[in-house]
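Following my numbering, the numbering of the sequence shown begins with 545 at its first residue and continues without gaps.
We put the CB at the ideal spot given by N, CA and C, even for glycine.
Working notes, structure below.
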Amino acid sequence: MTASIERGRTQDTLQLIIPAVLRTERGRELEPEPEPEAPSGRKGGRDRYLDLLRALALVRVVLYHNFGWFWLPLVFPSMGVMFALAGSLMTRSLSRPALGVIRGRLRRLLPPMWLFGAIMIALQILDTWGPYSEGHPTWWWAKLAFWILPLSTPPYAEDLPGFHHHVEHSWAVQIIVPLWYLRAYLWYVLLSPLMLWALRRFPVVTLFAPLALSIVMNTFFADQEFIYSRVWETANDFTMFGSCWILGMAHQEGLLKKIPQYVLPSIAPLIMVAGLWYLQTRPVDPTEPTDIESWPIAQALWSLGFVAILLHVSPSWEQWPRPLARWNGLVSLLNARAVSVYLWHEAALVVAVPLIDPLWSIHFFYKNMQWLLTSSWFTLLVGIVLLGLLVLIFGWVEDVAAKRSPRLFPYPRRRRGRRRAAV
């Protein structure tokens with residue numbers, strides 16, 4: 545009797561479970577199958593460790609452009625880290641058709657740059673820049689195309705009156721020159737499908753090819769006249785950080801986990817030492833510390849070794865460790881507005897100086913606060929406030945470009961007592 549009841553219950557349970565399983569299986573047929581070569585073990589979502597590295601890289605860039613401390617690129621080589629992170633994310637996206645991924649990356653990058661470019665061009669024209677400033681009006685108009693698609697550095701004026709000397713005459717140079725990063729990023733995105741194909745077939749050769757090209761170019765051709773050309777400039781930046789980008793791709797592909805765990809921690813410091821040795825052998829002014837960002841080979845070696853260590857450590861946090869949870873808001877905000885922060889940070893630092901200068905005419909500040917007015921920390925503080933305003937005004941373009949609902953301040957919202965990461 546009891547056995548019959550149990551069999552009846554079992555049959556009833558199976559009648560409920562089997563149709564649900566079949567519905568689930570039929571539903572799975574509509575989902576895209578993951579590509580067999582996508583070895584990442586992550587379940588999706590944000591990697592908070594990579595978010596933290598990107599936020600640190602942005603903070604370091606702002607500090608370096610404000611203080612100019614030569615040791616900052618040694619402590620944290622932001623450019624190599626940012627390119628490695630971008631390469632990792634690009635590889636993750638390339639599980640989809642390459643053309644659509646490239647189009648999506650361009651859509652996220654270009655609209656914020658177009659807005660920035662429109663404002664910068666207008667300001668330079670107001671400060672007397674124009675087609676006849678360089679003596680070649682046709683070429684001036686042609687170069688403006690690089691503000692639309694930055695395959696080369698967008699044009700800018702090297703010397704301007706500075707709005708009747710209210711700002712430095714080189715203000716356009718300071719603000720626009722850092723856009724070399726976006727130019728290099730664009731080339732990496734366009735060539736990523738080819739680099740991923742090569743990485744999967746010839747991993748070691750592909751990883752070190754950009755580094756080898758950088759060494760050859762800057763050793764045997766550095767004294768040639770064409771090093772000042774746009775082609776050389778683009779190729780030099782591409783090869784300088786190309787190995788970092790490909791290392792990020794290898795990390796996403798899971799290739800770093802296939803080699804013995806002692807290899808990267810053993811080789812990476814040697815690569816960094818080689819870069820440091822090369823830097824110390826350069827002919828420079830003995831009264832000035834040597835800046836690694838002035839020497840492509842040293843920067844390429846140091847950045848590659850540093851990035852290799854960071855990716856070897858890579859804990860892949862899906863949730864913040866408890867000591868870092870308090871920084872979730874700031875890190876999420878910086879990641880949500882990374883392009884805007886990079887585009888506008890130099891403008892904020894340049895404008896901060898003429899805003900501080902009038903304080904010298906106030907007797908109280910002149911008599912008691914000269915230490916503050918001459919402090920670079922005060923310039924940084926004013927610059928951060930201005931940067932916050934600029935990102936607040938223009939940052940929403942990043943949301944539109946990413947097909948998200950525009951938000952003026954994408955700070956994580958709290959839900960049920962816990963802070964939810966901004967996406």
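Determine the burial state of residue i: buried for a count of at least 16 other Cβ atoms within 10 Å of its Cβ, exposed for fewer.
i, result
"W915", "exposed"
"R636", "buried"
"I937", "exposed"
"E942", "buried"
"T783", "buried"
"L868", "exposed"
"A766", "exposed"
"R881", "buried"
"L814", "exposed"
"G683", "At residue 683 the sequence reads Trp, which differs from the Gly that was named. Answer is exposed; the Cβ neighbour count stays below 16."
"V711", "buried"
"R948", "exposed"
Take residue i and list the residues in its own chain whose beta-carbon comes closer than 7 Å to its own, dropping the five residues that flank it on each side.
i, result
"N879", "D595, R598, A599"
"I836", "P617, L618, L823, A842, Q843, W846"
"K687", "P699"
"Y910", "W904"
"L930", "A892, V895, A896"
Assuming residue i and residue j form a contact by the criterion Cβ under 8 Å, report the distance between their Cβ atoms to the nearest whole angstrom.
i, j, result
"A812", "G786", "Their Cβ separation, rounded to whole angstroms, is 17 Å, which puts A812 and G786 out of contact at 8 Å."
"T697", "R774", "7 Å"
"I900", "L917", "6 Å"
"G1000", "N610", "Nothing about residue 1000 can be reported from this structure: the residues present for the chain run from 545 to 967 only."
"R652", "A946", "5 Å"
"P840", "N780", "6 Å"
"R592", "W921", "About 29 Å separates the two Cβ atoms, so there is no contact after all."
"L968", "F660", "One cannot answer for residue 968 here, as it falls past the ends of the chain, which runs 545 to 967."
"A542", "L934", "Beyond the ends of the chain as shown, which are 545 and 967, falls residue 542; an answer cannot be given."
"I719", "M657", "Incorrect: roughly 13 Å between the Cβ atoms, too far for contact."
"R727", "T778", "7 Å"
"L808", "L800", "7 Å"
Between which residues of its own chain and residue i is the CB-CB distance below 6 Å, once the five residues before and five after are set aside?
i, result
"A642", "P737"
"A601", "S622, V625, M626"
"R649", "V733"
"F690", "S696, P698"
By Cβ distance below 8 Å, which residues in the same chain neighbour residue i in space, the five residues on each side in sequence not counted?
i, result
"T834", "F614, L823, Q824, R826, V828"
"V944", "P655, P950"
"Y729", "F627, A630, L653"
Just to confirm, does residue i get its C-beta within under 6 Å of one of the non-hydrogen atoms of the ligand FAD?
i, result
"L936", "With respect to the ligand FAD, the structure offers nothing, as it holds no ligand at all."
Q.
Ignoring anything shorter than 4 residues, give me the alpha helix (DSSP H) runs that lie fully in the stretch 730-809, in order along the chain.
A. 747-764, 774-797
Q | Cβ pair count under 8 Å reaching 3, the stretch 789-808 against the stretch 735-752 | A | yes
Q) Any contact of the stretch 853-869 with the stretch 790-809, i.e. 3+ C-beta pairs under 8 Å? A) yes
Q | Inter-stretch contact (C-beta, 8 Å, three-pair minimum) for the stretch 750-758 and the stretch 664-680 | A | no
Q: Entirely within the stretch 695-735 and at least 3 residues each: give me those beta strand (DSSP E) ranges in chain order.
A: none
Q: Within the stretch 801-888, note down every full alpha helix (DSSP H) run reaching 4 residues or more, in order along the chain.
A: 807-824, 840-857, 872-880
Q: Could you tell me whether the stretch 703-714 touches the stretch 890-910, using the rule of 3 or more Cβ pairs below 8 Å?
A: yes
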